[in-house]
Amino acid sequence: MILLAVSLLGPMQAVTIATPRGVTSIPLSAERGAPAVAASRLAVPLGLTAEVSGAEAAVRVGGVTFIFQLGAPFARAGEAICTLAAEPYVARDSLFLPLAWLTDCLPRAVARYRWDADAGRLAETAPIAIAPVAAAAVNPVTGLRLAHTIVVDPGHGGRDPGNPGRYFSGSLTEKDITLAIGKLLRAELTRRGLTAVLTRTGDTLIDLQDRPSYCAADCDMFVSIHVNAMPAGRRASAASGVETYFLSDAKTEDQRRVADMENAAISFEADAVRSAQGPLGQIIKDLQQNEYLRESARLAELVQGRVAGIHPGGDRGVQQAAFWVLNFARRPAILVETGFATNKDDGAFLTSALGQRKIANAIADGIVAYLQELERKLAVGGAGR
Numbered sequence: 002m003i004l005l006a007v008s009l010l011g012p013m014q015a016v017t018i019a020t021p022r023g024v025t026s027i028p029l030s031a032e033r034g035a036p037a038v039a040a041s042r043l044a045v046p047l048g049l050t051a052e053v054s055g056a057e058a059a060v061r062v063g064g065v066t067f068i069f070q071l072g073a074p075f076a077r078a079g080e081a082i083c084t085l086a087a088e089p090y091v092a093r094d095s096l097f098l099p100l101a102w103l104t105d106c107l108p109r110a111v112a113r114y115r116w117d118a119d120a121g122r123l124a125e126t127a128p129i130a131i132a133p134v135a136a137a138a139v140n141p142v143t144g145l146r147l148a149h150t151i152v153v154d155p156g157h158g159g160r161d162p163g164n165p166g167r168y169f170s171g172s173l174t175e176k177d178i179t180l181a182i183g184k185l186l187r188a189e190l191t192r193r194g195l196t197a198v199l200t201r202t203g204d205t206l207i208d209l210q211d212r213p214s215y216c217a218a219d220c221d222m223f224v225s226i227h228v229n230a231m232p233a234g235r236r237a238s239a240a241s242g243v244e245t246y247f248l249s250d251a252k253t254e255d256q257r258r259v260a261d262m263e264n265a266a267i268s269f270e271a272d273a274v275r276s277a278q279g280p281l282g283q284i285i286k287d288l289q290q291n292e293y294l295r296e297s298a299r300l301a302e303l304v305q306g307r308v309a310g311i312h313p314g315g316d317r318g319v320q321q322a323a324f325w326v327l328n329f330a331r332r333p334a335i336l337v338e339t340g341f342a343t344n345k346d347d348g349a350f351l352t353s354a355l356g357q358r359k360i361a362n363a364i365a366d367g368i369v370a371y372l373q374e375l376e377r378k379l380a381v382g383g384a385g386r
C-alpha cells in the first residue's frame, strides 16, 4: 500500500484549471473551516463524474476512480491512500472535495495534471489529440460532427421556491417544475450524443451569479429554465404561453416585470447585498461587454420556435431583458419561461409528465438546430482559410 501525505494549503479564494480547451476559475468554499471545491464545478473542465452512495463517494477523473468516505480525511485510488487535512462532505445536495485532493492527490494519480502552488493553478500538461472536422464521425442522431457541452440551469431551488404555482397540483412550486424539465432536457441531450451538465440536481439553492460559472471553457451554451407568472389581478389568469429571453436592455414593461421577478431570487442568497448600485446596475453596465448577444438572440429564436410549436398556451415570442443569471455566462445564454403558473391550462401542461417531456424535447430540438448552424459556419470559415 502506498501512502501519500498531503498538507493543508493556505487560504485561497479560487483555483485556476488550465487545459487545452481553455482556462477556468473555480471558486472555493470554506464553510467547514477548510478550503474545498464543489465536485460539480469540476465536471466540465476536468471531465469529472461523481456519485454519492450513502457515506461513500466515487469520483472519476482521467480514467482513475477515487473513493472517499464522507467525514474521513482520506481518498483511495486503487491501492494508494491519499491522506487529507480535511474531510469531504455533502452540503446543499453537492459533494465538496478538500482542496488538497485537487492540488496533490489528483496530480499524483493522474500524471497529465500538474499543480503550480505559486500560481494556484492546475494544468493539464499532456496534449489532447483533436481529430480534424472533416475526419470526425457524424452523430447519427443529430448530424453533428463536434463534441458540444450544454449547461442546463433549473431555476430557483432550496429556500427559493420561485413562484408558488397558482394552478400547479399539490404543493408543487416553480422550483419543482424547472428541475423536472431540466432533468428531462439533460437526458434528451445525452440521448442525442451531447454533453449536458445541470447546475443543480436536487432541491438546492445556488447563487444567481454562480450558476453561469458551470459554463466554462468548453461549454457551448447556457440554458436557464423558469416558469412565468402574472401578478394578482382580474386578468392574472389570462396570460399564457412560452417566451424565451436573451440578455439585453428590456424594451417593455412586461419584459422588465419578468426580469424583476427572476432577479428577485437574489434576496434568498446569504450575501444578497452585492453592491451599492445593486445587481441591475451591474447588468446594464456589462451589457455592452457581452460578445454573445447576437448568438444568444439566434439561440433564443430557434428554441422559442420549437417550444411554441408544442405549447398549448401559444407563442409569446423572443424577448430581451437584463437577467442577473445570464449576465455572467460569457457564452450564448438564454432563459426559457416555459409557461404561466397563473394560467389554468399552462399549469396543467407544466405539471404533467407529457407536457414536461414535450417542453424538454422541443428545447433540445432548438439547441441542436443552433449547433448545426454553428458547425456549418465553422466549416465555411475553415474552408476559407
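Heads up, the numbering used here is the position in the sequence shown plus 1, with the first residue counted as 1.
A virtual CB, placed ideally from N, CA and C, is assigned to each residue, including glycine.
- Secondary structure note for residue 99: its beta strand (DSSP E) is the uninterrupted segment 95-99.
- Rounded to the nearest angstrom, the gap between the Cα atoms of residue 252 and residue 317 is 15 Å.
- Burial state of residue 54 is exposed, judged by a 10 Å Cβ sphere holding fewer than 16 other Cβ atoms.
- Residue state for residue 226 is assigned as strand, using DSSP reduced to three classes.
- Following the DSSP letters along the chain, one finds residue 109 inside the alpha helix (DSSP H) bounded by residues 107-110.
- Taking C-alpha positions only, residue 315 is separated from residue 306 by approximately 11 Å.
- The three-state secondary structure of residue 253, taken from DSSP, is coil.
- Annotation for residue 70: 56, 57 place their beta carbon closer than 7 Å to its own, counting only its chain and skipping 5 residues before and after.
- In this structure residue 192 is exposed. Its beta-carbon is surrounded by fewer than 16 other beta-carbon atoms within 10 angstroms.
- Relative to residue 360, the option among 372, 371, 340, 377 whose CA is nearest is 340.
- DSSP lists 15 as the bridge partner or partners of residue 28.
- Distance from the CA of residue 63 to the CA of residue 90, rounded to the nearest whole angstrom, comes to 22 Å.
- With contacts defined as CB atoms closer than 8 Å, residue 223 and residue 154 qualify as a contacting pair.
- For residue 197, the CB contacts under 6 Å within the same chain, skipping 5 residues up- and downstream, are 151, 153, 187, 190, 191 in chain order.
- Between residue 110 and the set 95, 81, 122, the nearest pair of CA atoms involves 81.
- If you draw a 10 Å sphere on the C-beta of residue 243, you find 16 or more other C-beta atoms in it, and that means buried.
- For residue 324, the closest alpha carbon among the candidates 87, 312, 338, 33 is that of 338.
- Residue 245 places its beta carbon less than 8 Å from that of residue 301.
- Taking each of 182, 122, 148 in turn and checking the Cα distance to residue 156, the smallest one comes out for 182.
- Taking C-beta atoms under 8 Å as the contact rule, residue 336 and residue 227 qualify, at a distance of about 6 Å.
- A check of alpha carbon separations from residue 149 across 380, 368, 381, 378 identifies 368 as the nearest.
- By the C-beta density criterion, residue 176 is buried, having at least 16 other C-beta atoms within 10 angstroms.
- Within the same chain, 350 come within 6 Å of residue 356 by CB-CB distance, once the 5 residues on both sides are set aside.
- Leaving aside the five residues that flank residue 178 on each side, the residues in its chain whose CB is nearer than 6 Å to its CB run, in chain order, 228, 351.
- Going by C-alpha positions, residue 118 is about 21 Å away from residue 75.
- Looking at the DSSP output, residue 296 sits in no beta bridge, so it has no partner there.
- Looking from the CA of residue 86, the closest CA among 36, 25, 61 belongs to 36.
- DSSP places residue 258 within a helical segment (H, G or I) once states are collapsed to three.
- Under DSSP, residue 114 shares a beta bridge with 125.
- A residue is called buried when at least 16 other Cβ atoms come within 10 angstroms of its Cβ; residue 347 meets this threshold and is buried.
- Relative to the Cα of residue 241, the nearest Cα in the group 79, 261, 313 belongs to 313.
- Nearest to residue 203 by C-alpha distance, out of 95, 29, 102, 263, is 95.
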